[in-house]
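There are 2 protein chains.
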Amino acid sequence: MTADQRAEALAAAARGGDRRALARLLSEVEDRTAAGEAAVRRLYGEAGAAHLVGVTGAPGAGKSTLVAALVGEARKSGRSVAVLAVDPSSPITGGAILGDRVRMQQHASDPDVFIRSMASRGHGGGLAGATIAAASVLAACGFELIFIETVGTGQSEVEVASIADTTVVVQAPEMGDEVQAIKAGLLEVADLVVVTKGDRPGAERAAAQLRGMLTVGAQHDRALGDRPRPKRPDVLLASGAIGTGVPEILAALDRRAAARGEHRDRSPAAALARAEAQVAGLLGERIARRLRDPQHDARRLETLAAVAAHELDPYTAADELLALLAAGAKG
Amino acid sequence: MTADQRAEALAAAARGGDRRALARLLSEVEDRTAAGEAAVRRLYGEAGAAHLVGVTGAPGAGKSTLVAALVGEARKSGRSVAVLAVDPSSPITGGAILGDRVRMQQHASDPDVFIRSMASRGHGGGLAGATIAAASVLAACGFELIFIETVGTGQSEVEVASIADTTVVVQAPEMGDEVQAIKAGLLEVADLVVVTKGDRPGAERAAAQLRGMLTVGAQHDRALGDRPRPKRPDVLLASGAIGTGVPEILAALDRRAAARGEHRDRSPAAALARAEAQVAGLLGERIARRLRDPQHDARRLETLAAVAAHELDPYTAADELLALLAAGAKG
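Line by line, the protein sequences give chains Z and R.
Residue 331, in the working numbering, is where the first sequence stops; the numbers in between run on with no holes.
Residue 1331, in the working numbering, is where the second sequence stops; the numbers in between run on with no holes.
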């Protein structure tokens, strides 16, 4: 069976509702196999309708509890929902940070809920690309609402969150000073901020503080003449464990999805940013792969060894390798 | 003044001990200006002697306190020391997480200590490259020991830590379960693990636990036939605030630097990994820049818009843009 035939078979089965085929297809996409690539090529044209919601925040903020509650809420109206948990933890420990499986257990037997962990280690710059590719497959298989859950403490994770149509930043009410500073960076990508553990004392005060920070941030943006934000993100309170605030958050997400549908042809900024992140990642991967071709690999290793030995500077090395590829393309 | 003349002037002044020229030069490197690039080209050949030490760990683990103590210890033997604090927090809040300036104040008036923050936001995949370039400039200016301090919670930050010659993972004794999981991912890049706050009860037990985890990890590596680790990282205890354990940690770092000097021609794995990370980042940047050239930019935007509208799949888009560049290189 060729890669293309395998892609066709897996894609057809996955679209027909075969969850094991879908899981296998996502593994091929994540591993960048030829079949995975062929499947995304095949499915991409039908992947435009889903609402991609990034959910991020510091460890312990309550992301998994909130996502599990939102999944439950969305299922009440019969929608099919997928969760991609982008997990920066070790393959050795098996990834305990995100997509806390205990909280997701309630959805494990529901065929219209699909949950998938993606490991971020070892992918270099390609994490955003792999996540978008996986989301396209899920969208083409009919999932209407796709949550992309990441730990919002590193650059890559913030990038992954910001390629969603809508980005939700989750914040627990009681956090130390250091976490506050991370949070401020995250707030810049937020469309919606959710203060979790809303039944605890101090949650209302934390929400008020966040609203204050966002006002200062908006003034700062204007003062510096930065690109204007369409509007300040809303700050909502939730208690995922007892469900308070969850219907309101889903309603806010749905309003954003509806607004996005109306303005689709005018300003698809998130879709364009997503396309750019994905294509940039693929360009990097393709260049790296071509340099590893037998015709170039010896020269590549020689060049890197010269840089490592400080005999050649890295800029000249990059230019030489690009010239090598251009010469290869000519021949 | 041309970029090259400016690079020559700044590089000469920086190498002569002018700290303001050095600071300006590092800004040019971080901003990827032509002068910054020319300066790195010029200085790179003399940048091989420094020992690059990555220091990473979760927020609050005590990285800054430890680095400040190690700087003080290294100064006792007269060595010149630089600190690059790679800071993932927001430009709006000014970056409060790393390189805690209060703890570094004691070194502020010492001309043989140079401290520099690097913002990681907005650099995409280029953070590792920018950090290595800055470290080369510092090495060429005669700094013998260069600490690269990052928050070890995201993919990029782990990458930055792992391009150092030696990577120190810092761990506080009392940490919640979620942080434990992050730590396990970090342990894979560790050459040395330091348990901080060593004067607290529980620090010894935490160190023993870590040693246990590392033994299990080493067994796991062997069982899977993964590339062998040269040896398990040592686990040391420190109290940065009162200085306990700090001379032992510096001695362990110096032993690693000496071993590296002896085996330099045999297996410069860290240097090769660093060269690869830096050149890969530069390749990506150069491709992105070429695509923004006036002759290609319209086509680039058109292609991205087609991907955003789901009319073109991202793999075909990447192939088309690479073909465009190859055709441009031919003409």
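In this text, a Cβ means the ideal position worked out from N, Cα and C, and glycines have one as well.
Query                                                                                                                    : Result
Opening and closing residue of the beta strand (DSSP E) in which Asp110 (chain Z) lies                                   : Run containing Asp110 (chain Z): none; DSSP gives neither H nor E here.
Three-pair Cβ contact test at 8 Å for the region 1189-1200 of chain R versus the region 1239-1256 of chain R             : yes
Proximity winner among Z:Val307, Z:Gly281 and Z:Gly328, relative to Ala1317 (chain R) (alpha-carbon distances)           : Z:Gly281
Residue environment, Ala1140 (chain R), which counts as buried when at least 16 other CB atoms sit within 10 Å           : buried
Beta strand (DSSP E) segment containing Leu1052 (chain R), residue limits                                                : His1051 to Gly1057
Per DSSP, cross-strand counterpart(s) of His1147 (chain R)                                                               : It should be pointed out that residue 1147 (chain R) corresponds to Phe in this sequence rather than to His. Answer is R:Val1053 and R:Val1083.
Under 9 Å from the C-beta of Ile287 (chain Z): neighbouring residues of chain R                                          : Ala1280, Leu1283, Gly1284, Ile1287 and Leu1322
Where Pro1314 (chain R) meets chain Z, residues with beta-carbon distance less than 8 Å                                  : Val40, Tyr44, Gly129, Ile132, Ala133, Ala275, Gln278, Val279 and Leu282
Cβ pair count under 8 Å reaching 3, the region 276-294 of chain Z against the region 1015-1024 of chain R                : no
Residue span of the alpha helix (DSSP H) that contains Thr1303 (chain R), given as start and end                         : Pro1294 to Ala1308
Proximity of Val1086 (chain R) and Val1113 (chain R) at Cβ, strictly below 9 Å                                           : no
Closest Cα partner of Thr1002 (chain R) within the set R:Pro1111, R:Leu1321 and R:Ala1039                                : R:Ala1039
Opening and closing residue of the alpha helix (DSSP H) in which Leu237 (chain Z) lies                                   : Where Leu237 (chain Z) is concerned, there is no enclosing alpha helix (DSSP H), although the beta strand (DSSP E) it sits in stretches over Asp234 to Leu237.
Bounding residues of the alpha helix (DSSP H) (the contiguous stretch that carries Asp1040 (chain R))                    : For the record, residue 1040 (chain R) in the displayed sequence is Val; it is not Asp. Element bounds for Val1040 (chain R): Ala1034 to Leu1043.
Reduced DSSP secondary structure (H/G/I, E/B, other) of Arg200 (chain Z)                                                 : coil
Buried/exposed call for Asp313 (chain Z), threshold 16 Cβ in 10 Å                                                        : buried
Contact test: Gly129 (chain Z) Cβ vs the ligand FAD heavy atom, cutoff 8 Å                                               : As presented, the structure is devoid of all ligands, the ligand FAD included, so that no description of it is given.
Nearest-angstrom Cα separation, counted from Val1235 (chain R) out to Leu1210 (chain R)                                  : 7 Å
Buried versus exposed, by CB contacts within 10 Å (16 or more), Lys1076 (chain R)                                        : exposed
Residues that DSSP places opposite Val1195 (chain R) in a beta bridge                                                    : R:Gln1171 and R:Leu1237
Contact with chain R by Val307 (chain Z), beta-carbon distance below 9 Å                                                 : yes
Nearest candidate by alpha-carbon position, reference Arg200 (chain Z), set Z:Thr244, Z:Leu186, Z:Leu291 and Z:Arg232    : Z:Thr244
Spatially closest choice to Arg41 (chain Z) from Z:Ser27, Z:Ala11 and Z:Pro59, by CA coordinates                         : Z:Ala11
Min CB distance Glu149 (chain Z) to chain R below 9 Å                                                                    : no
Within-9 Å CB hit, Thr56 (chain Z) to chain R                                                                            : no
Contact under 9 Å by Cβ, Phe1143 (chain R) with Ala1034 (chain R)                                                        : no
Close beta carbons around Ala74 (chain Z), own chain, < 7 Å, minus the five adjacent residues each side                  : Val81, Leu145 and Leu250
Neighbouring residues, chain Z, relative to Glu1248 (chain R) (Cβ below 8 Å)                                             : Within 8 Å Cβ-Cβ: nothing; Glu1248 (chain R) doesn't reach chain Z, min ~27 Å.
As assigned by DSSP and simplified to three states, the class of Ser1117 (chain R)                                       : strand
CB contact below 9 Å: Asp1319 (chain R) versus chain Z                                                                   : yes
Residue closest to Glu1188 (chain R), alpha-carbon to alpha-carbon, out of R:Leu1214, R:Pro1173 and R:Ala1172            : R:Leu1214
Spatially closest choice to Glu1013 (chain R) from R:Val1137, R:Leu1070, R:Gly1057 and R:Met1118, by CA coordinates      : Note on identity: in this sequence residue 1013 (chain R) is Ala, with Glu being the wrong assignment. Considering only alpha carbons, the answer is R:Val1137.
Sequence-distant residues of the same chain with beta carbon closer than 6 Å to Arg300 (chain Z), five excluded per side : Leu291
Given Phe147 (chain Z) as reference, the closest of Z:Leu66, Z:Asp31 and Z:Glu8 once Cα atoms are compared               : Z:Leu66
Coarse secondary structure for Thr1002 (chain R), derived from DSSP in three states                                      : coil
Residues that DSSP places opposite Thr131 (chain Z) in a beta bridge                                                     : Partner(s): none; Thr131 (chain Z) has no beta bridge.
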